[in-house]
Amino acid sequence: MKSVVYSSPFVPAEWIAAHGVRPMRLRPDPAAALPSTGPLMGVCPYARAFTSEAGTSAGAVIFTTTCDQMRRAAEWLSLEGTTPVFLMNVPATWQTPAAARLYRDELQRLGRFLVALGGAEPSRDRLAATMETYDARRRLLRGDLAAMTARGASEAIARFDLGEEPGNGGPPPGTAAPLMTLRGGSPDPPRRNAASSQSLTPAGAAGRETRRAKTETLRSPTSHVEEPAAHKTAASGAAVAVIGGPLARGDGRLFDALEKAGGRVALDGTESGPRTFPAPFDRRRLRDDPLMELVDAYFGTIPDAFRRPDTLLYQWLSRELAASAARGIIVWRYVWCDMWAAAAARLREATALPVLDLDVTGDASEFGRAANRIQAFMEVLK
Amino acid sequence: MTGTAKRLTMEAFDRLCRRHLAAGTPMPGYAGPLARHVADGDRRLLKLEYDDSAAALRLWSFLLTEEERLHAARAAGMKIVGAMKDLGTVPVMAYSLPNVVAFYPDGAWWTPCVMELSEGLFGIAQSLGLGDALCPVRAMAGAFINQAHFPIPDLLTCSVGATCDDFSAVAQRLESLGHPILWWEMPSRRRPESGEAAVTLPGGFRAPASQVAVVRSELERIRDALAALAGSPLGDVELAAGIRMANRVRRILGELRSLAYTVEPCPMPALEMLIAEMLAIHFCSDRAESVAVLSLLLQEVHTRMAAKRGVLPTGAARLFWVNPVADLRVMNLLEDCGARLCGTEFLFCHALDEIPEDLPPMESLASMALADPMVGPSADRAARIVRDARAFGAEAVVISRIPGASHCALEGTVIGRIVREELGLPVVELEVPPVADPMWPTLKTRLDALVETVLERRKR
Chain A
132 MKSVVYSSPF VPAEWIAAHG VRPMRLRPDP AAALPSTGPL MGVCPYARAF TSEAGTSAGA
192 VIFTTTCDQM RRAAEWLSLE GTTPVFLMNV PATWQTPAAA RLYRDELQRL GRFLVALGGA
252 EPSRDRLAAT METYDARRRL LRGDLAAMTA RGASEAIARF DLGEEPGNGG PPPGTAAPLM
312 TLRGGSPDPP RRNAASSQSL TPAGAAGRET RRAKTETLRS PTSHVEEPAA HKTAASGAAV
372 AVIGGPLARG DGRLFDALEK AGGRVALDGT ESGPRTFPAP FDRRRLRDDP LMELVDAYFG
432 TIPDAFRRPD TLLYQWLSRE LAASAARGII VWRYVWCDMW AAAAARLREA TALPVLDLDV
492 TGDASEFGRA ANRIQAFMEV LK
Chain B
4 MTGTAKRLTM EAFDRLCRRH LAAGTPMPGY AGPLARHVAD GDRRLLKLEY DDSAAALRLW
64 SFLLTEEERL HAARAAGMKI VGAMKDLGTV PVMAYSLPNV VAFYPDGAWW TPCVMELSEG
124 LFGIAQSLGL GDALCPVRAM AGAFINQAHF PIPDLLTCSV GATCDDFSAV AQRLESLGHP
184 ILWWEMPSRR RPESGEAAVT LPGGFRAPAS QVAVVRSELE RIRDALAALA GSPLGDVELA
244 AGIRMANRVR RILGELRSLA YTVEPCPMPA LEMLIAEMLA IHFCSDRAES VAVLSLLLQE
304 VHTRMAAKRG VLPTGAARLF WVNPVADLRV MNLLEDCGAR LCGTEFLFCH ALDEIPEDLP
364 PMESLASMAL ADPMVGPSAD RAARIVRDAR AFGAEAVVIS RIPGASHCAL EGTVIGRIVR
424 EELGLPVVEL EVPPVADPMW PTLKTRLDAL VETVLERRKR
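Each protein sequence line maps, in turn, to chains A and B. Take 132 as the starting number for the first sequence in our numbering and just add one per residue. Take 4 as the starting number for the second sequence in our numbering and just add one per residue.
Next up, the structure:
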């Protein structure tokens, strides 16, 4: 079976699998990036690492347009001519039927790419069955995560993304944290209904088309969220949310550094964490129109900093920060990531929580600087 | 060559202005010495050198009085549209309505340069969390906060998607501060697949017809918003008239570029050409006057050509310039190094190409918007640069990186690689900060070396 490698959470694994191709969501190793992958200055270390590794590890690579760097990196790899490259256009806007249609059309175009690679166009039943399988596996994974350490949970997701069954390689003995120390997202996140089948009709979209995003204050001065008693008693260390871009291979050391400094990860909101899980599928709609259900579950619900407006992200944060009782936020981002660089101050305003804007280069020798900053941040939170 | 028109210091340029005013040379009310703008803080003007002509006087005064025009428009009850990022599309639509003016808040990009960082826009941006990891367009956020530069628009639009992360991030921050934005999607332009219905866009790029349809549907939302703002319909008739007027500007500019970038000796300096090209994207808030200003420049070029008079010595190295420079003074520098402009791609070539008049207006506008060099593959952009550089007879290409811009590193590398392969020309990449004085020796050395290389290659 051919495999395709990708990084963005907006690429549905079940769509690839339904075509008979193996999906592999890769966490690249920045240390192994080839120096020849683009110029050193100005290129995101994550994009460089992904491009370098993806170009040699799979039958094809899928990039998305969700950030400048990855969009340009797709072209870089295409010019090399060594690996088939597909650049998937994921719209930044999401409130109009046209945006959802564009995403659906891109999935169909991706489907043709997969067929050209040797895959087969799936029947509706096959797609629905594949989606059901993934949904069940993801549900199992969500259940497993609650009992894991932050690093363990993150690595379990990474294994899941590479196609391993949940439960395999679960938390090693002695690494299980106290119950509910990690929250990476609600078990059943509410649908935003941005891209439902109904929303693709002009009538259903009328209201949304004129909608304006409003700045939302996630915590008003009178509405500070009280830390649930369970957290106070069941876990030690100051609860911290880690929000931001993708994790590369080895970035689990972030969680280690945080715990070593006396904190605990109460919410993994990185791009590699449960924040970017698609919503669970609706069984009835799965049977009626699986492709549109896929569009709705991914495009309609995944919150991210690149979306315009970015309302979904702040709605998600409002809900999850309250549930996690985080006392501080670490913004995890690679240098040259504009979207998360600009988000840090906004997060500070919107949540009234202390925020550490942690820019990393992917260079292992520089992680000590990041660890020092985490330690200082944790001292502030104590 | 029978003579060279010297570049003037600002003091000399203002003397020229006063002479023209005293002699009764017909000048619009906004024309006047640049010293008045220096008094307002535009200190970079003191360090620039200007073309010795009445046409240049009018050009500079027109550029530097835009904020006054916008405030006057507001006072006159006109509606103001702040178009963001699309660089050339939304203003064509907005100016099709009689009581609407449009401008690009993006233009604040140059304010830190013109005011030599004295205006504090970067500091304000930094306080909003928009630091120097982002490109100089972050100054725009500062201008919205201090409201010392342009009036807050009645409607803000912003194209996002395959545009620019820096801009998208800054615009999102603006919205979070209470400035509602009408976001519209610009898909990543791609090459048509086998068997897929395709169209040729203005400027020559090819794209799937389905992508034009997507952009058209997005522009329909802009059309509705503009009509609602103006309180009058924006029909195809009005749009067609607006397109014709925009094309008038583009045709004049096209002829001006063609002459300025090819005729020997060079009849118009690089700095004035940069400003002239900028007029195309939103007419500097006065469409009719932009026609007049560009016509005068063109007339000046024709006069100089007839007199075989140029602004630079014959034989200057012919450079094609990619990306706008954050510091305008670098346009003077390239000439000081013995070079001249022979073609540009300032990230808005789609605003220079004529808009098709034989298609339904919304389709024409969508085609034009999708031809934005930034939204497509860098290889497309490189192909356009190769074509234009060849047409203008460029002997080298300068890729001017924008500090902090996330798209520049890989894009510049791809463009450089293709240009070298296709044209065999030397390519140099520079990074130009908003006030480049500390970098001057480095920039000069690199440009000097490029000019030397060009001159050596002529001997082969």
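Beta carbons are placed, not taken as given, at the ideal position from N, Cα and C, and that holds for glycine.
> Among all the DSSP beta bridges, which residues are the ones paired with B/LYS82?
Replying inline: Paired residues: B/VAL103.
> According to the Cβ coordinates, are A/ILE374 and A/VAL491 closer than 7 Å?
Replying inline: no
>> Does any residue of chain A have a CB that is nearer than 7 Å to the CB of B/HIS410?
In response: yes
> What are the residues that DSSP puts in a beta bridge with B/GLU434?
Replying inline: B/ARG404
> Shorter than 7 Å from the beta carbon of B/LEU331 to some beta carbon of chain A?
Replying inline: no
>> I'd like the list of long-range same chain contacts for B/VAL215, defined as Cβ closer than 7 Å, with 5 residues on each side in sequence excluded.
In response: VAL202, GLU366, ALA369, SER370, LEU373
> In whole angstroms, what is the alpha-carbon distance linking B/VAL103 and B/SER288?
Replying inline: 10 Å
> Which one of B/ALA439, B/LYS462, B/LEU458 has the shortest CA to CA distance from B/LEU51?
Replying inline: Ranked by how close their Cα comes to the Cα of B/LEU51, the residues B/ALA439, B/LYS462, B/LEU458 have B/ALA439 in first place.
>> So with CB distances below 9 Å, who are the chain B contacts of A/ALA472?
In response: GLY132, LEU133, GLY134, ALA136, LEU137, ALA172
> Whose C-beta lies closer than 7 Å to the C-beta of B/GLY419 among residues of the same chain, with five residues either side of it excluded?
Replying inline: Hits under 7 Å: ILE402, VAL430, GLU432.
> Taking the Cβ atom as the reference point for each residue, do A/ALA223 and A/ARG439 lie within a distance shorter than 7 Å?
Replying inline: yes
>> Give me the chain B residues within the contact set of A/ALA144, using Cβ-Cβ distance strictly less than 8 Å, ordered along the chain.
In response: The premise fails here: A/ALA144 is roughly 22 Å from chain B at the closest Cβ pair, so nothing lies under 8 Å.
>> For B/ALA386, would you say it is in contact with chain A, using Cβ-to-Cβ distances shorter than 7 Å as the test?
In response: no
>> Taking only three categories from DSSP, how would you classify A/GLY539?
In response: Any answer about residue 539 of chain A is impossible in this case: the structure gives chain A only from 132 up to 513.
> Taking Cβ positions, are A/VAL216 and A/ALA205 nearer each other than 7 Å?
Replying inline: A Cβ-Cβ contact shorter than 7 Å links A/VAL216 with A/ALA205.
>> Tell me the DSSP secondary structure of A/PHE181 in three-state form.
In response: helix
> First and last residue of the beta strand (DSSP E) that includes B/PHE125?
Replying inline: Premise fails: B/PHE125 lies in the alpha helix (DSSP H), 124 to 130, not in any beta strand (DSSP E).
> Taking 7 Å as the CB-CB limit, is A/TRP463 close to chain B?
Replying inline: no
> What residues in the segment 169 to 200 of chain A bring their beta carbon closer than 7 Å to a beta carbon of chain B?
Replying inline: GLY169, PRO170, MET172, GLY173, VAL174, THR196, CYS198, ASP199, GLN200
> Which whole runs of the beta strand (DSSP E) in the segment 184 to 208 of chain A are 3 residues long or more, in chain order?
Replying inline: Listed in chain order, the complete beta strand (DSSP E) runs (minimum 3 residues) inside the segment 184 to 208 of chain A are 191 to 195.
> Using a C-beta to C-beta distance shorter than 8 Å, which residues of chain A count as neighbours of B/ALA165?
Replying inline: THR196, ARG202, ASN220
> Would the beta-carbon of A/LEU218 fall within 7 Å of that of A/PHE181?
Replying inline: no
> Between B/PRO31, B/TYR98, B/PRO139, which lies nearest to B/ARG404 when the distance is taken from Cα to Cα?
Replying inline: B/PRO139
> So, helix, strand or coil for B/ALA136, using DSSP?
Replying inline: coil
>> How far does the beta strand (DSSP E) with A/PRO154 in it extend, from its first residue to its last?
In response: 153 to 156
> Which residues in chain B sit within 8 Å of A/LEU233, going by Cβ to Cβ distance?
Replying inline: GLU188, PRO190, VAL217
> How is A/THR353 classed by DSSP in three states: helix, strand or coil?
Replying inline: Annotation note: pLDDT 32 at A/THR353 (below 50); position unreliable, coordinate value reported separately. It is coil, neither helix nor strand.
>> Would B/ALA283 and B/VAL325 be called neighbours here (beta carbons separated by less than 7 Å)?
In response: no
> My guess is that B/VAL304 and B/LEU262 are in contact by the Cβ rule of under 8 Å, so how many angstroms apart are they, rounded?
Replying inline: The pair is a contact, with the Cβ atoms about 5 Å apart (cut-off 8 Å).
>> Please report whether the beta-carbon of B/ARG176 lies at a distance below 7 Å from any beta-carbon of chain A.
In response: Using a CB distance cut-off of 7 Å, B/ARG176 counts as an interface residue toward chain A.
> Going by other Cβ atoms of all chains shown within 10 Å of its Cβ, with 16 needed for buried, is A/ARG415 buried or exposed?
Replying inline: exposed
>> On a Cα-Cα basis, can you pick out the residue from A/PRO377, A/ALA287, A/MET423 that is closest to A/ARG158?
In response: A/PRO377
> What separation, rounded to the nearest whole angstrom, lies between the Cα atoms of A/LYS345 and A/ALA483?
Replying inline: Here A/LYS345 scores only 32 on pLDDT, less than 50, and its place in the model should not be relied on; the value that follows carries that caveat. So the alpha carbons of these two residues sit roughly 18 Å apart.
>> Please state the DSSP three-state secondary structure of B/GLY346.
In response: strand
>> For B/ALA209 and B/PRO195, which I take to be in contact (beta-carbon distance under 8 Å), what is that distance rounded to the nearest angstrom?
In response: Here residue 209 of chain B turns out to be Arg, not Ala, going by the sequence shown. B/ARG209 to B/PRO195, Cβ: 6 Å. Contact.
> Residues bridged to B/CYS161 by DSSP?
Replying inline: B/MET87, B/TRP186
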